[in-house]
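The block underneath contains the structure these notes are about, expressed in structure tokens.
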Amino acid sequence: MQYTHSLAVIGAGSYGTALAMTVANKNLNVLLYARNKEQALNMQASRYNEKYLPNIKLPDTLSITSDFKEAVLSSQNILLVIPSHTFRTVLNELKDIIKEDQNIIYATKGLDKYKGQFLSDTIVEILGSKIKFAALSGPTFAKELAQGLPTAIAVAGNDKTYLKEVCNLMQTSYFILYISSDLKSLQLGGAVKNVIAIATGMSDGLGYGANARTALITRGLNEMVRLGLRVGASDRGFMGLSGLGDLVLTCTDNQSRNRRFGFLLGQGYSVDEALEEIGQVVEGISSTKEIFELANIYGVQMPICSELYEVLEHGKSGKDAALSLMQRENKEDKYNIKI
Numbered sequence: 025m026q027y028t029h030s031l032a033v034i035g036a037g038s039y040g041t042a043l044a045m046t047v048a049n050k051n052l053n054v055l056l057y058a059r060n061k062e063q064a065l066n067m068q069a070s071r072y073n074e075k076y077l078p079n080i081k082l083p084d085t086l087s088i089t090s091d092f093k094e095a096v097l098s099s100q101n102i103l104l105v106i107p108s109h110t111f112r113t114v115l116n117e118l119k120d121i122i123k124e125d126q127n128i129i130y131a132t133k134g135l136d137k138y139k140g141q142f143l144s145d146t147i148v149e150i151l152g153s154k155i156k157f158a159a160l161s162g163p164t165f166a167k168e169l170a171q172g173l174p175t176a177i178a179v180a181g182n183d184k185t186y187l188k189e190v191c192n193l194m195q196t197s198y199f200i201l202y203i204s205s206d207l208k209s210l211q212l213g214g215a216v217k218n219v220i221a222i223a224t225g226m227s228d229g230l231g232y233g234a235n236a237r238t239a240l241i242t243r244g245l246n247e248m249v250r251l252g253l254r255v256g257a258s259d260r261g262f263m264g265l266s267g268l269g270d271l272v273l274t275c276t277d278n279q280s281r282n283r284r285f286g287f288l289l290g291q292g293y294s295v296d297e298a299l300e301e302i303g304q305v306v307e308g309i310s311s312t313k314e315i316f317e318l319a320n321i322y323g324v325q326m327p328i329c330s331e332l333y334e335v336l337e338h339g340k341s342g343k344d345a346a347l348s349l350m351q352r353e354n355k356e357d358k359y360n361i362k363i
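For any residue, its number in my numbering is found by taking its place in the sequence shown, counting from 1, and adding 24.
Here's what the structure looks like:
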């Protein structure tokens with residue numbers, strides 16, 4: 025099949041737009057899919073994504089459509105930048121359209137909402153084991169990437185040759201991709217870091233200071249590794265961009281929606297009030313439930329994630345959750361994790 029674009033991006037939020045712009049800035053034709061027809065028309069006409077990335081002009085080689093089939097069939101490489109809770113739904117829409125020679129790239133962070141499994145497993149389940157795919161994850165704020173500021177992320181997948189092709193397609197002078205051999209740690213790191221970011225934001229909202237924030241980040245990394253080892257990831261995989269790097273970024277900068285959401289909770293907002301204030305999807309909410317359930321399946325202790333689950337699902341106060349964490353019995357770390 026003859027393709028008209030180097031990349032098709034599904035999802036015209038801030039990150040999807042920024043990634044589409046990055047590739048289009050290489051003077052490559054990119055087609056960006058926006059579900060909302062009015063948004064697509066406005067972006068195509070004005071050359072700005074006013075809702076998510078105002079004041080940053082779109083490259084001339086970036087086109088926008090609200091026609092899902094047109095977007096999917098425009099390129100051999102389809103990049104999904106969508107919330108994790110819609111991932112399975114979008115793949116089901118894809119399976120009746122996608123051709124045998126097409127490949128999937130995804131920058132979605134989280135687990136499958138419906139089965140609690142890695143998104144890579146959902147791809148194989150729905151699209152089959154023959155499809156080539158690559159996952160992107162790392163410390164990336166969309167606005168900085170769209171502005172052309174230096175950014176580095178990791179990429180992992182099921183075909184080494186295809187990973188190199190993805191790097192060649194997407195890498196620029198300011199956007200660097202590093203190939204990872206540990207797909208599980210890359211995906212799990214991207215899910216757990218959002219949970220810890222809510223917790224650290226909540227701690228700051230409560231006024232607990234830098235000591236508490238740093239402790240939460242460090243112990244959060246420990247929880248990430250502990251669960252990762254049980255599901256077959258390597259501890260080393262969490263020490264790179266998609267683990268430690270993304271964790272530090274998301275927990276310490278207010279560009280993070282998850283951190284801001286947690287901060288509002290600490291300030292006394294309800295979950296619904298905080299979500300209304302943020303105005304965008306907060307991935308860490310669904311990830312908290314998914315990680316909590318996965319940890320229970322594998323019998324892994326994740327105190328920070330567990331306490332945040334109680335806050336989000338059962339209305340426990342942030343102060344009571346913090347008190348529970350501080351009163352935990354002093355136990356030696358399982359699996360000899362020296363963090």
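Here a beta-carbon is modelled for each residue, glycine too, at the ideal position from N, C-alpha and C.
field: Residue from G342, G264 and P83 whose Cα sits closest to the Cα of F287
entry: G342
- prompt: In terms of residue numbering, what span does the alpha helix (DSSP H) encompassing P327 cover?
  reply: P327 to H338
Backbone CA spacing between V54 and D344 [nearest angstrom]: 49 angstroms
query: By a C-beta neighbour count over all protein chains shown, 10 Å radius and 16 as the cutoff for buried, is R260 buried or exposed?
result: exposed
query: Under 7 angstroms, do A32 and S98 count as touching if we go by C-beta distance?
result: yes
task: Determine which residues share a DSSP beta bridge with N127 and list them.
output: N101
task: Report buried or exposed for M67, applying the criterion of at least 16 other Cβ atoms within 10 angstroms of its Cβ.
output: buried
Continuous beta strand (DSSP E) stretch holding G181: start and end: T175 to G181
- prompt: Applying the criterion that 16 or more other CB atoms from any shown protein chain within 10 Å of the CB defines a buried residue, is N49 buried or exposed?
  reply: buried
message: Rounded to whole angstroms, what is the Cα-Cα separation between E392 and I129?
response: Residue 392 cannot be examined here, being either before or after the span of the chain that is shown, 25 to 363.
- request: Please check the pair S204 and L210, which I expect to be a contact at CB under 8 angstroms, by giving their CB distance rounded to whole angstroms.
  value: 5 angstroms
query: For the beta strand (DSSP E) that N79 lies in, which residues bound it at each end?
result: L77 to K81
- request: Would you kindly check if the distance between the Cβ of D136 and the Cβ of Y112 is under 7 angstroms?
  value: As written in the sequence, residue 112 is Arg, which differs from the Tyr given in the question. Contact: yes.
field: Boundaries of the alpha helix (DSSP H) in which S70 is found, first to last residue
entry: K61 to S70
- request: Could you check the C-alpha separation between G290 and P163 for me, to the nearest Å?
  value: 24 angstroms
message: Measuring straight from C-alpha to C-alpha, what distance separates G292 and S258?
response: 38 angstroms
- prompt: Between the stretch 103–123 and the stretch 79–88, do at least 3 Cβ pairs fall closer than 8 angstroms?
  reply: no
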